[in-house]
Amino acid sequence: MSSTRRGRTGGAEHGQDLVEYALALPMLLVLILAIMEGGVLVMRYNTVANAAREGARAGLLPVTAACNLACRDGRASAAALALTEGLDQSAIQVDVNSSDVMVSVEVRYQSPLITAPLAALVGGDGIVELRSVTTMQRE
Numbered sequence: 011m012s013s014t015r016r017g018r019t020g021g022a023e024h025g026q027d028l029v030e031y032a033l034a035l036p037m038l039l040v041l042i043l044a045i046m047e048g049g050v051l052v053m054r055y056n057t058v059a060n061a062a063r064e065g066a067r068a069g070l071l072p073v074t075a076a077c078n079l080a081c082r083d084g085r086a087s088a089a090a091l092a093l094t095e096g097l098d099q100s101a102i103q104v105d106v107n108s109s110d111v112m113v114s115v116e117v118r119y120q121s122p123l124i125t126a127p128l129a130a131l132v133g134g135d136g137i138v139e140l141r142s143v144t145t146m147q148r149e
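To convert, note that position 103 of the sequence shown is 113 in the numbering used here; the numbers rise steadily by one, no gaps.
Next up, the structure:
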């Protein structure tokens, strides 16, 4: 009759694997959350940058009798806001500065983080300001 004997460490190997997994899992989860957070922030920044660009294009339209400078600036601001559909509208600020030669549109967005509770643990407020400025010259 042959019997297999386990050594003293044979049964403990399974426990060691479990401990290593328990130590590695939190770091892996933080890495996955950071990648997700970065992707969301890039998407939101692209939305803000595109809104500023389109607002500046709308602000390049010439002044007419029907639409003066204030009307043109309002049109630029409205065009920028129209392209921020997926974002929280109360956290968006659009500033239009125009002259006879240039038009500049700045869009700011207070982006809440997915990981805001984790940021609060380390003293952060869980909000990142995304800002884009587009300046175009009138021709």
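Cβ coordinates follow ideal geometry from the N, Cα and C atoms, glycine included.
Practice task
Could you tell me if Val40 is buried or exposed, where buried requires 16 or more neighbouring beta carbons within 10 angstroms of its beta carbon?
Solution key: Sequence index remark: in the sequence shown, residue 40 carries index 30 (1-based). Looking at its Cβ environment, which holds fewer than 16 other Cβ atoms inside 10 Å, Val40 is exposed.
Exercise for the section: Determine the contact status of Glu95 and Asp105, defining contact as a CB-CB distance below 9 Å. Expected result: The residue labelled residue 95 in the question sits at position 85 within the sequence shown. The residue labelled residue 105 in the question sits at position 95 within the sequence shown. For Glu95 and Asp105, no; Cβs fall outside 9 Å.
Problem - the stretch 51–66 touching the stretch 76–93, judged by at least three CB pairs closer than 8 Å - result: Flag = yes, the stretch 51–66 and the stretch 76–93 touch.
Exercise for the section: Quick one: grab the DSSP three-state call for Ile124. Expected result: Here residue 124 is taken as the residue at index 114 of the sequence shown, counted from 1. Correct three-state label for Ile124: coil.
Handout entry: Ser142 classed as buried or exposed, judged by whether at least 16 other C-beta atoms fall within 10 angstroms
Key = Locating residue 142 in the sequence shown gives position 132, counting from the first residue. Result: buried.
Handout entry: Closest residue to Ser109 among Met146, Val138, Thr125 and Gly48 (Cα-Cα distance)
Key = Start at 1 with the first residue of the sequence shown, and residue 109 comes out as number 99. Comparing Cα-Cα distances from Ser109 to each of Met146, Val138, Thr125 and Gly48, the minimum goes to Met146.
Problem - Inter-residue CB distance, Pro122 and Gly133 (contact presumed, cutoff 8 Å) - result: What you label residue 122 is simply residue 112 of the sequence shown in a count that begins at 1. What you label residue 133 is simply residue 123 of the sequence shown in a count that begins at 1. Going by Cβ atoms, the distance from Pro122 to Gly133 rounds to 17 Å, so no, they are not a contact pair.
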